[in-house]
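First up is the structure itself, then whatever we jot down about it.
Put into structure tokens, the structure is as follows:
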């Protein structure tokens, strides 16, 4: 699971772990999961914050995310577990997908997800885990 803040960081700069992570999508280094709710959040936040991207660029990026992701239907809501409702949709997807990790810069926002068998990692920690950086 990739939290929205990692997507935004990657789109803001070609440097850093978040951008490196996005370049690995489609390379079979990890499985990316997506739900309709998370995709809509990505779209909303990108279009609101990233004014330097044309609408068609954002749509092309989101189409690529859809193409390279495993689509998960969420049939059970775990709310409320976390403080932020936007983080809840990430957790619900992670649980439904049986994901091992949520990749985020805001690990404290996901306090308690370990009871679902999920760990939170920063992009750098995840890249180290999969052997992409030291």
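Numbering (the numbering used here), first residue to last: 22 to 155.
Where a beta carbon is used, it is the ideal one built from N, C-alpha and C, also for glycine.
Just so it is clear, the structure is predicted and the values come from calculations on it, not from any experiment.
What first and last residue would you give for the alpha helix (DSSP H) that runs through residue 26?
25 to 33
On a CA-only basis, which of 46, 96, 128 is nearest residue 118? Give me that one, please.
96
Specify the secondary structure class of residue 40 as computed by DSSP and reduced to three states.
helix
How many Å lie between residue 30 and residue 42 at the Cα?
11 Å
Buried or exposed for residue 120, going by 16 or more other Cβ atoms inside 10 Å?
buried
Buried or exposed: which applies to residue 75, given that a residue is buried once 16 or more other Cβ atoms fall within 10 Å of its Cβ?
exposed
Rounded to whole angstroms, what is the Cα-Cα separation between residue 158 and residue 24?
The structure shown does not extend to residue 158, since the chain spans only 22 to 155, so no value can be given for it.
Residue nearest to residue 79 in terms of C-alpha spacing, selected from 33, 108, 133:
33
What does the alpha-carbon distance come out to for the pair residue 139 and residue 131?
10 Å
Measuring only the C-alpha atoms, how far is residue 107 from residue 93?
17 Å
Under a three-way DSSP split, which group does residue 142 fall into?
strand
What are the residues that DSSP puts in a beta bridge with residue 54?
91
Using 8 Å for Cβ pairs, my map puts residue 45 next to residue 153. What's the rounded Cβ distance?
7 Å
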